[in-house]
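Participant:
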Amino acid sequence: MRATGVGSLPGENYAEACRIVLGELQDLPHLPELPARGAIANMTGRALAVLDGLDADLQPAGWRLTGTSGSAGVDHRRARSLLAQDLDTVEELVQDSPLTSGGGAFKIQVAGPWTLAATVERPRGDKLLADHGARRDLAQALAEGVRTHIRDVRRRLPGADTLVVQVDEPALSAVLEAQVPTASGFGKHRSIDLPEASQSLEWVLGAIADEGAIPWVHSCAPGTPLGLLRKAGAKGISVDLTQLTAADHDELATALEAGDTVALGVVPSLAPAGPVPTDKTVTETVERWLDMLGLDAAYDIVLTPACGLAGADWRWARTVLRILTESARHLA
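Just so we're aligned, residue 1 is where the sequence shown starts under full-length UniProt numbering, counting upward by one.
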């Protein structure tokens, strides 16, 4: 039993965020994301920084593709530079740790192809979601970019024998249910067929597996088709426990029995108005969940916050990481 974070954290001090993650989540630390630093550091900006062969620029309405390599706007170049600087920071802070000497584990995150298609615009306007060819090109560019990103992380963290790549797909359910608004705001984009949705995920998850990393998919949105994620190649599913349906519970039990990982969001991302969870109450929650499934704690379960912690303050973020770590120890 291990604990890790979903990805995002509050504030703008990247070195301090790294120190906290490396100190609190020693079994599976992750690459912090600090969206408070602006659009070049949020989930979309981070993923665009990884793309291979496609460039983008930041417009008043958000990110927009500009074309193939050589047409990147200043903000896209800044996003790429910031990601490299953040990796430099991690590389410096992990010296003389298992992440450099061997036996370490580390997790990185990247927005998935459908969340990107629902948030990034085509060069002529409107979301990439509206264009079949653009959707395909984006997914393939993301897959190739992730390959390069993994190699860069391995070069910097040679002791990371276990490298997890978490593909964030919070918009997947909205894409499949035709809930993504058009640029005008008066309509919705058409739903995507399941075979196409699966193929784009397969390209990205397959690229991760080809590089020897472990592909996870995370979504804290209700209605995410967990079976689709597993069929597309996800070897880990990261979810918010409070958003699961009966069918989801069954799918997660099947995943655990198949030897896959379930990352279970068990602590709220924002400080609750009512009783504050403790390591004891979280431990009991996970034990009840396992009892319901007829399983035990011997399976590969990772405890996480319900979703990202960018909206929290640092006091609550630290509290969450400590609760998760202690709970994982109790369950182990």
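Glycine is no exception: its CB is placed at the ideal position from the N, C-alpha and C atoms.
Since we're looking at a predicted model, the values are computed, not measured.
Specify the secondary structure class of Asp-204 as computed by DSSP and reduced to three states.
Facilitator: Position check: residue 204 holds Val in this sequence, whereas Asp was assumed. Correct three-state label for Val-204: helix.
Participant: Identify whether Asp-75 lies in helix, strand or coil by the three-state DSSP scheme.
Facilitator: Three-state DSSP puts Asp-75 in a helix.
Participant: Starting from the Cα of Val-180, find the closest Cα among Leu-116, Pro-272 and Thr-68 and give me that residue.
Facilitator: Residue Leu-116 is the option with its Cα nearest to Val-180.
Participant: Assuming Ala-39 contacts Leu-25 (C-beta within less than 8 Å), just tell me the rounded distance between them.
Facilitator: So it is not a contact: roughly 27 Å between Cβ atoms.
Participant: List in chain order: all unbroken beta strand (DSSP E) runs of 3+ residues lying wholly within the stretch 126 to 186.
Facilitator: Segments of the beta strand (DSSP E) lying fully in the stretch 126 to 186: 160 to 168.
Participant: Measure the CB-CB distance between Ala-207 and Ala-143 and report whether it falls below 8 Å.
Facilitator: The answer is yes: Cβ separation under 8 Å.
Participant: In the structure shown, what three-state DSSP assignment does Gly-236 receive?
Facilitator: Here Gly-236 sits in strand by DSSP.
Participant: How long is the line joining the alpha carbons of Ala-100 and Val-90, rounded to whole angstroms?
Facilitator: Rather than Ala, the amino acid found at residue 100 in this sequence is Thr. Going by the C-alpha atoms only, they are around 11 Å apart.
Participant: When you compare the stretch 225 to 237 with the stretch 247 to 256, are there three or more beta-carbon pairs, one atom per stretch, that lie closer than 8 Å?
Facilitator: Yes, since at least three Cβ pairs between the stretch 225 to 237 and the stretch 247 to 256 fall closer than 8 Å, the two stretches touch.
Participant: With a threshold of 8 Å on Cβ separation, who are the neighbours of Leu-87 within its own chain once the five nearest residues in sequence on each side are excluded?
Facilitator: The answer, listed in chain order, is Leu-31, Asp-152, Val-153 and Arg-156.
Participant: So for residue 355, helix, strand or coil by DSSP?
Facilitator: In the structure as shown, the chain starts at 1 and stops at 332, and residue 355 therefore has no counterpart that could be examined.
Participant: With DSSP collapsed to three states, give me the class of Gly-294.
Facilitator: Here Gly-294 sits in coil by DSSP.
Participant: For Lys-188, which residues does DSSP report across the bridge?
Facilitator: Per DSSP, Pro-181.
Participant: Which ranges would you report for the beta strand (DSSP E) in the stretch 78 to 114 if only whole runs of at least 3 residues count?
Facilitator: Here the runs fully enclosed are 104 to 111.
Participant: Three-state secondary structure (DSSP) at Leu-28?
Facilitator: If DSSP states are grouped into helix, strand and coil, Leu-28 belongs with coil.
Participant: Using the C-alpha atoms, what's the distance from Thr-66 back to Thr-285?
Facilitator: In a straight line, the C-alpha of Thr-285 is about 48 Å away from that of Thr-66.
Participant: Could you name the residues that DSSP lists as bridge partners for Asp-57?
Facilitator: DSSP lists Arg-64 as partners of Asp-57.
Participant: When burial is assigned at 16 or more other CB atoms within 10 Å of the CB, is Lys-107 buried or exposed?
Facilitator: Per the 10 Å Cβ criterion, buried.
Participant: Cβ of Met-43 within 8 Å of Cβ of Asp-240?
Facilitator: No, they are not a contact pair.
Participant: Between the beta-carbon of Ala-232 and the beta-carbon of Ser-184, is there less than 8 Å?
Facilitator: Not closer than 8 Å, so no.
Participant: Using DSSP bridges, identify the partner residues of Leu-264.
Facilitator: Note: Leu-264 sits in a beta bridge opposite Val-239 and Leu-303.
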